[in-house]
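**Q** Per this note's numbering, residue 77 is the first one in the sequence shown, and the count goes up by one each step.
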Amino acid sequence: MLKLGILGLGEGRSTMSAALASNKYELVKICDASEAVCKQRAKEFDFPDYTTSYQEMLDDAAIDVIAIYTPDHLHADHVKLALQHGKHVVCTKPFIDDLGRARELLEISRQSGKKVFVGQSSRFFEPYKRQRTDYTEGIIGELITVECHYNADHRWFLEKKWALEPSFKWLYGGLSHPVDFIRWYLPEIEEVMGYGMISANGKKAGLKNEDTMHFIFKATDGRVARVSGAYTGPIQPAYRESEMSCVLRGTEGASQADYHELRYAVTTNTGEEKLITWGDAKLKHFFRFEGQSHHAGEYQNYLEYFAESIADNTTAYPDLKEGIGTIALLQAMDRSLQTGVPVKINDILNEYQLLRSDFGL
Ligand SMILES: NC(=O)c1ccc[n+]([C@@H]2O[C@H](COP(=O)([O-])OP(=O)(O)OC[C@H]3O[C@@H](n4cnc5c(N)ncnc54)[C@H](O)[C@@H]3O)[C@@H](O)[C@H]2O)c1
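1. Give me whichever residues DSSP pairs with C114 in a beta bridge.
2. I believe E267 touches I421 by the beta-carbon criterion, under 8 Å. Please report the beta-carbon distance rounded to the nearest angstrom.
3. So for A276, helix, strand or coil by DSSP?
4. If we count the other Cβ atoms within 10 Å of its Cβ and call it buried at 16 or more, is Q160 buried or exposed?
5. So, are the CB atoms of K191 and H151 less than 8 Å apart?
6. Would you say V141 and L78 are within 8 Å of each other, going by their C-beta atoms?
7. Ligand 1 heavy atoms versus the CB of K119: any closer than 7 Å?
8. When the Cβ atoms of the stretch 210 to 221 are set against those of the stretch 368 to 379, are three or more pairs found closer than 8 Å?
9. Can you tell me where the beta strand (DSSP E) holding M133 begins and where it ends?
10. Can you grab the Cα-Cα spacing for the pair N442 / G309, in whole Å?
11. Following the continuous beta strand (DSSP E) through T353, name the residue where it begins and the one where it ends.
12. Is any heavy atom of ligand 1 found at a distance shorter than 7 Å from the C-beta of L150?
13. Assign G401 to one of two classes, buried (16 or more other C-beta atoms within 10 Å of its C-beta) or exposed (fewer than that).
14. Given that a residue counts as buried once 16 or more other Cβ atoms are within 10 Å of its Cβ, and exposed if not, what is Q414?
15. Measuring CB to CB, does L175 end up less than 8 Å from Q407?
16. Can you pull the DSSP bridge partners for E102?
17. Report yes if the C-beta of C107 is less than 7 Å from at least one heavy atom of ligand 1; otherwise report no.
18. When DSSP builds the beta bridges, which residues end up paired with A94?
19. For V323, which residues in the same chain have their Cβ closer than 6 Å to its Cβ, ignoring the five residues on either side in sequence?
20. Taking 8 Å as the threshold, find out whether the stretch 133 to 147 comes into contact with the stretch 86 to 98 through three or more Cβ pairs.
21. Starting from Y315, trace the beta strand (DSSP E) both ways and give me its first and last residue.
22. Between the C-alpha atoms of Y335 and H290, what's the straight-line distance to the nearest angstrom?
23. In terms of alpha-carbon separation, which member of E328, H253, E348, K105 lies closest to F123?
24. Heavy atom of ligand 1 less than 7 Å from the Cβ of S491, yes or no?
25. Starting from the C-beta of E398, find all residues in its chain whose C-beta is less than 6 Å away, skip the five residues before and the five after it, and write them out in chain order.
26. Should P203 go down as buried or exposed, given a rule of 16 or more other Cβ atoms within 10 Å for buried?
27. Leaving aside the five residues before and after L234 along the sequence, list all residues of the same chain whose C-beta is less than 6 Å from its C-beta, in chain order.
28. What are the boundary residues of the beta strand (DSSP E) that L182 is part of?
29. Can you tell me where the alpha helix (DSSP H) holding V255 begins and where it ends?
30. Output the distance between the C-alpha atoms of C114 and G86, rounded to the nearest integer angstrom.
31. Roughly how far, in whole angstroms, is the beta-carbon of V166 from the beta-carbon of L379, given that I think they are within contact range, below 8 Å?
32. Can you list the alpha helix (DSSP H) stretches of 4 or more residues lying completely in the stretch 161 to 243, in chain order?
33. Can you tell me whether DSSP reads Y65 as helix, strand or coil?
34. Would you report the Cα separation of L240 and A97, rounded to the nearest angstrom?
35. Please state the DSSP three-state secondary structure of D153.
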């Protein structure tokens, strides 16, 4: 059993639940800068071993893996410290929010010999897992295009202080999910363009960056894909439009994986149309809490996948390099929002002396 420490106990709550339910991990310590949050989680899970000092967690020689769920702009520093203290790292999405930190993290991880895994939770949700399996088995033939969105009424999120700071961007916080799907299916993206704006609701709340965005991607082989996200207004009912969807259109079939409804539809290469849903047991695996802001099933799935990679000394994906590749895409998207013109991923990478081929792009 791997010994786990968790940093950041907002969404880190899901990881607590996941670790406590897993036979591959022993939860050793939890940490949050806020003692009130530590106490809340300690009480909720009847788990007393908390600290408000990250250093104390780093210095705990018993801990093998640190899982990081602090605000986006702190990830790079927190990942760096964990590696420097000889820990394997799970870092939630977005892995970092500035490519300027990429080379340093690559070097530190190489020196440490420890593994880094990016917690792109959506890949580990049941409908997306099934979609991936069908795709790799050739059920929809060759991929023509990918269309993904993540739209959510996240007005509640704006009560968090860091959500209204200039460093917070829905581009990184929200669109990192569907952009990761694009990377999963069309890894070699060459160029991206998009438009975005701050909605009237976002302006009223004091948001500093775009909350409504549409993007088009072009891969090196000429294929195109699209991604959208809107975060500060009402959404359609889940039976009508899932908050998060990934649509694959292939030469012989098509598929769509949806989020909250645990729903997957596929038209196969035989022409058969199937709609697949999952029952209560799976729903309970994923949605263990009230509402839907926290959900632990994907986290348990990815933590266990990461534990297996440590035991077998294989690579768990997205790893550090794939995670940095996704940030390169997000940074190119950001540049396109600011300039209104298409941006080449190579141009962004060159600015940071990063080589495209190192990041699976
Ligand atoms: N599906 C997903 O994978 C998913 C879902 C939600 C959030 N997240 C990610 O999780 C991260 C946290 O988001 P959240 O919604 O939980 O935010 P949050 O504000 O609710 O929680 C962050 C916690 O980190 C603590 N914190 C801040 N600075 C700290 C420091 N220096 N040391 C220790 N603790 C510190 C805060 O006290 C707070 O409790 C973000 O990067 C977000 O993108 C991922």
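Here a beta-carbon is modelled for each residue, glycine too, at the ideal position from N, C-alpha and C. Being a predicted model, the structure only gives us computed values, none of them experimental.
**A** Straight from the coordinates:
1. Indexing the sequence shown from 1 puts residue 114 at position 38. According to DSSP, C114 bridges with nothing at all.
2. On the sequence shown, residue 267 is found 191 positions in, with the first residue counted as 1. On the sequence shown, residue 421 is found 345 positions in, with the first residue counted as 1. Confirmed, about 7 Å.
3. What you label residue 276 is simply residue 200 of the sequence shown in a count that begins at 1. Three-state result, A276: helix.
4. Working through the sequence shown from its first residue, we reach residue 160 at position 84. Q160 should be labelled exposed.
5. As a position in the sequence shown, residue 191 is number 115, starting the count at 1. As a position in the sequence shown, residue 151 is number 75, starting the count at 1. Their beta carbons are not under 8 Å apart, which means K191 does not touch H151 by this criterion.
6. Working through the sequence shown from its first residue, we reach residue 141 at position 65. Working through the sequence shown from its first residue, we reach residue 78 at position 2. In this structure, L78 lies closer than 8 Å to V141 by Cβ.
7. The residue given as residue 119 occupies position 43 in the sequence shown. No; taking the cut-off as 7 Å, the Cβ of K119 has no heavy atom of ligand 1 nearer than that.
8. no
9. Position 57 of the sequence shown holds residue 133. Taken as a continuous stretch (DSSP letters only), M133 belongs to no beta strand (DSSP E), being part of the alpha helix (DSSP H) at 130 to 134.
10. Absent from the model: residue 442. The displayed extent of the chain is 77 to 437, so no value can be given.
11. For the purposes of this step, residue 353 is identified with residue 277 of the sequence shown, where counting begins at 1. Counting along the chain, T353 sits inside the beta strand (DSSP E) bounded by residues 349 to 353.
12. Looking up residue 150 in the sequence shown gives position 74. Yes.
13. Here residue 401 refers to the residue found at position 325 of the sequence shown. It counts as buried.
14. Position 338 of the sequence shown, counting from 1, holds the residue named residue 414. Q414 comes out exposed.
15. By one-based count along the sequence shown, residue 175 stands at place 99. By one-based count along the sequence shown, residue 407 stands at place 331. Contact: yes.
16. As a first step, residue 102 must be located in the sequence shown, where it is residue number 26. Beta-bridge partners assigned by DSSP to E102: K79.
17. Taking the sequence shown and counting its residues from 1, one reaches residue 107 at position 31. Flag set: Cβ of C107 near ligand 1.
18. If you number the sequence shown from 1, residue 94 lands on position 18. BP columns for A94 are empty, so no partner.
19. On the sequence shown, residue 323 is found 247 positions in, with the first residue counted as 1. Contacts found: E223, Q332.
20. yes
21. Sequence index remark: in the sequence shown, residue 315 carries index 239 (1-based). No beta strand (DSSP E) contains Y315, which DSSP labels as neither H nor E.
22. For the purposes of this step, residue 335 is identified with residue 259 of the sequence shown, where counting begins at 1. For the purposes of this step, residue 290 is identified with residue 214 of the sequence shown, where counting begins at 1. Near 19 Å, if we compare the C-alpha coordinates of H290 and Y335.
23. Counting from 1 along the sequence shown, the entry for residue 123 is found at position 47. It is K105 whose Cα lies nearest to the Cα of F123.
24. Nothing can be reported for residue 491, as the shown portion of the chain is limited to 77 through 437.
25. Within the sequence shown, numbered from 1, the residue matching residue 398 stands at position 322. Excluding positions up to five away in sequence, the list reads G436.
26. For the purposes of this step, residue 203 is identified with residue 127 of the sequence shown, where counting begins at 1. Per the 10 Å Cβ criterion, buried.
27. In the sequence shown, counting from the first residue as 1, residue 234 sits at position 158. Around L234: A281.
28. The sequence position of residue 182 within the sequence shown is 106, counting from 1. No beta strand (DSSP E) contains L182, which is instead part of the alpha helix (DSSP H) from 178 to 188.
29. Along the sequence shown, read from residue 1 onward, the residue named residue 255 stands at position 179. Where V255 is concerned, the enclosing alpha helix (DSSP H) stretches over 252 to 261.
30. Working through the sequence shown from its first residue, we reach residue 114 at position 38. Working through the sequence shown from its first residue, we reach residue 86 at position 10. About 10 Å.
31. Reading the sequence shown from its first residue, position 90 is the one you call residue 166. Reading the sequence shown from its first residue, position 303 is the one you call residue 379. Their Cβ separation, rounded to whole angstroms, is 7 Å, which keeps V166 and L379 in contact under 8 Å.
32. 178 to 188, 202 to 212
33. With the chain represented from 77 up to 437, any question about residue 65 goes unanswered, as that position is not in the structure.
34. Counted from its first residue, the sequence shown places residue 240 at position 164. Counted from its first residue, the sequence shown places residue 97 at position 21. Those two C-alpha atoms are separated by around 34 Å.
35. Mapped onto the sequence shown, residue 153 falls at position 77. Correct three-state label for D153: helix.
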